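Since the structure comes first, as structure tokens, the remarks are kept for the end.
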Amino acid sequence: MPRPSVRATCFLAAVSMNQPQGVISWGASLKAASSRHGAGSIPCTTSSTTCLGGGVWNVAAPSERRRRLSRLKAGGVGSDVGVGSDMELGEGEELLGTVDVSPEEVAEFFAKPTFEAVDASQAQPAPSVDTQGSSPEHVLVMDSFLAGETASRLRGVFHDRFSKPREGSPERFVWDWWHVPDQYTLMRTPAENYFGPEGFTELLKALTNFGQERLGCTAISPPWLSVYVDGCEQRYHTDSWHGPWAFVLSLTDWENRGFTGGETMILKPHVLDYWRSFQPGIGLEEKHFIDTVEPHFNRLTVFDPRFPHGVRPVGGTKDPLKGRLVIHGWFTDPQPFFTGGLSAEEATEPLNDALETVYPALEGVGRVTGVLTVRLHVSGETGAVVSVVALTDTLIPDPNDVGVDEEGVEEDARADVLEAVDRGCREARFPAAGEDTHITVPFVFE
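Numbering (my numbering), first residue to last: 1 to 446.
Shown next, in the form of structure tokens:
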């Protein structure tokens, strides 16, 4: 039967004078909507812009690159191969079907968090695009996110307004008690109105800078400020239509909290592919299925909103000052971001020329969904690409679109995508600007 169609959404450049200096607005999108098995074309749509290279691009033949997927019975526990990951076999090597591990080791493996909290000042992306041993990353956790006293000042605004409960100032009457039966219960208010221009400007700058430089997202949704006291919760849900990344910035006095619960809960990836790693000989508990992120003060949690997530029910205090206090929203508008010697006008055409070689290669591989964001380091002296760094990777292959060659070797669509993007970006050639340039490019696959 025919395979599902592959649709990869990327972005072509169009300079907007309304954007801040150094930022490029990419208004036209490229959508590939043909089956890998047939010839097709990529329609180029416009939105007050002109697509470079004409209106239609031809689709290249399918990729010949295939990698053997190992599905170890114990999910790779006790070895360097993770659950659902892949392993390159050398000439003459055999694919093993089992590994010798105990049920305890399997349980310990699944109990480990899929993220590691790091200090925001020390958070570094991968040194290069790793097509061999890397795994998608769906949760990012950074402590001490807001610099200086910004977080304390924001918390102080909230504290001052709730520290005098007998006074009926107008600022106390801005909260919405949001209750959707069996789904959401919390108090919320628009953060911009609550903190005012001065406090909100600092917050917005920090979040948008992070979104542009690390995620390839040029904007955020209007953020909420929410308070959780006894009985508040968010049950499991998804909300990826808001943007490719959700965020939670905590202003909670976690060390002196007066409640239980309040952690962000995110379903672990292996649960959504449960039978691939199922082990009948062990019993698993909640910690094996769910990542929990404690809302420490000034901690930013960024996660893939396609994964079911929620907030563990809060029990205990009815005092907002002792409850869970967070700013939350979504990073939106994935578009390239330019800094350094090259202007947007100078960088646009060479980048589009390089991406023209990427799109046909992507059409030849299996379907993936998610976002891959890379950063190109361009030499100011030569205009050559010095490095391609993977900033974020949430790519997930479609299990219904896995190709198999005549030898029964399955493809690794995610690795093929990484390789195609890495190769195409490294071949880009830009004008010599004297000063190095960094270009953040998000590739969105739907």
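Even for Gly, the Cβ is constructed at its ideal location relative to N, Cα and C. As the structure is a prediction and not an experimental result, all values here were calculated from the model.
Same chain only: Cβ atoms within 6 Å of residue i, ignoring 5 sequence neighbours per side
{"i": "residue 117", "result": "141, 143"}
{"i": "residue 234", "result": "184, 310, 311"}
{"i": "residue 171", "result": "161"}
{"i": "residue 146", "result": "206, 298"}
{"i": "residue 441", "result": "336, 374"}
{"i": "residue 219", "result": "332, 333"}
{"i": "residue 426", "result": "385, 388"}
Sequence-distant residues of its chain with Cβ nearer than 7 Å to residue i (five each side left out)
{"i": "residue 287", "result": "111"}
{"i": "residue 318", "result": "229, 230"}
{"i": "residue 358", "result": "420, 421, 424"}
{"i": "residue 340", "result": "435, 436, 437, 438"}
{"i": "residue 323", "result": "227, 228, 229, 259, 314, 317"}
{"i": "residue 261", "result": "312, 313, 314, 315"}
{"i": "residue 159", "result": "321"}
{"i": "residue 168", "result": "none"}
{"i": "residue 232", "result": "185, 186, 314"}
Three-state secondary structure (DSSP) of residue i
{"i": "residue 234", "result": "strand"}
{"i": "residue 162", "result": "helix"}
{"i": "residue 294", "result": "coil"}
{"i": "residue 334", "result": "strand"}
{"i": "residue 145", "result": "coil"}
{"i": "residue 117", "result": "coil"}
{"i": "residue 176", "result": "strand"}
{"i": "residue 269", "result": "helix"}
{"i": "residue 384", "result": "strand"}
{"i": "residue 350", "result": "helix"}
{"i": "residue 323", "result": "coil"}
{"i": "residue 219", "result": "strand"}
{"i": "residue 371", "result": "strand"}
{"i": "residue 201", "result": "helix"}
{"i": "residue 433", "result": "coil"}
{"i": "residue 168", "result": "coil"}
{"i": "residue 196", "result": "helix"}
{"i": "residue 389", "result": "strand"}
{"i": "residue 85", "result": "Low confidence applies to residue 85: its pLDDT is 36, below 50, so where it sits in the model is not reliable enough to give any reading."}
{"i": "residue 394", "result": "coil"}
{"i": "residue 229", "result": "coil"}
{"i": "residue 399", "result": "coil"}
{"i": "residue 498", "result": "This structure gives no information on residue 498, because the portion of the chain shown stretches from 1 to 446."}
{"i": "residue 342", "result": "coil"}
Residue from the options with nearest C-alpha to residue i
{"i": "residue 446", "options": "385, 370, 378, 414", "result": "370"}
{"i": "residue 435", "options": "274, 399, 386, 423", "result": "386"}
{"i": "residue 275", "options": "180, 399, 307, 154", "result": "399"}
{"i": "residue 396", "options": "403, 414, 357", "result": "414"}
{"i": "residue 449", "options": "350, 202, 186", "result": "An answer regarding residue 449 cannot be provided, because it is not within the stretch 1 to 446 covered by the chain."}
{"i": "residue 243", "options": "355, 329, 353", "result": "329"}
{"i": "residue 148", "options": "120, 439, 223, 364", "result": "120"}
{"i": "residue 225", "options": "326, 393, 417, 377", "result": "326"}
{"i": "residue 251", "options": "173, 155, 368", "result": "155"}
{"i": "residue 199", "options": "157, 210, 221, 173", "result": "157"}
{"i": "residue 115", "options": "136, 197, 104, 175", "result": "136"}
{"i": "residue 378", "options": "289, 342, 215", "result": "342"}
{"i": "residue 391", "options": "364, 216, 208", "result": "216"}
Inter-residue Cα distance where the pair is residue i and residue j
{"i": "residue 192", "j": "residue 284", "result": "43 Å"}
{"i": "residue 190", "j": "residue 375", "result": "33 Å"}
{"i": "residue 383", "j": "residue 223", "result": "39 Å"}
{"i": "residue 432", "j": "residue 346", "result": "10 Å"}
{"i": "residue 291", "j": "residue 380", "result": "43 Å"}
{"i": "residue 352", "j": "residue 429", "result": "11 Å"}
{"i": "residue 249", "j": "residue 151", "result": "9 Å"}
{"i": "residue 443", "j": "residue 334", "result": "8 Å"}
{"i": "residue 451", "j": "residue 355", "result": "Residue numbering for the chain in the displayed model covers 1 to 446; residue 451 lies beyond these limits and cannot be assessed."}
{"i": "residue 187", "j": "residue 212", "result": "30 Å"}
{"i": "residue 350", "j": "residue 388", "result": "16 Å"}
{"i": "residue 403", "j": "residue 102", "result": "33 Å"}
{"i": "residue 409", "j": "residue 178", "result": "52 Å"}
{"i": "residue 407", "j": "residue 366", "result": "17 Å"}
{"i": "residue 257", "j": "residue 320", "result": "10 Å"}
{"i": "residue 372", "j": "residue 338", "result": "17 Å"}
{"i": "residue 208", "j": "residue 197", "result": "16 Å"}
{"i": "residue 214", "j": "residue 368", "result": "21 Å"}
{"i": "residue 364", "j": "residue 241", "result": "27 Å"}
{"i": "residue 221", "j": "residue 300", "result": "16 Å"}
{"i": "residue 86", "j": "residue 394", "result": "The predicted model places residue 86 with a pLDDT of 39, which falls under 50 and marks its position as unreliable, so this point remains unresolved."}
{"i": "residue 361", "j": "residue 416", "result": "9 Å"}
Cβ neighbours of residue i in the same chain (closer than 8 Å, five flanking residues each side left out)
{"i": "residue 307", "result": "138, 238, 266, 267, 269, 272"}
{"i": "residue 236", "result": "265, 267, 308, 309, 310"}
{"i": "residue 176", "result": "187, 188, 189"}
{"i": "residue 182", "result": "235"}
Inside the segment 271 to 316 only - alpha helix (DSSP H) runs reaching at least 4 residues: 286 to 289
Segments assigned alpha helix (DSSP H), at least 4 residues, entirely inside the segment 405 to 431: 413 to 426
Segments of 3+ residues assigned as beta strand (DSSP E) that fall wholly inside the segment 234 to 263: 245 to 250
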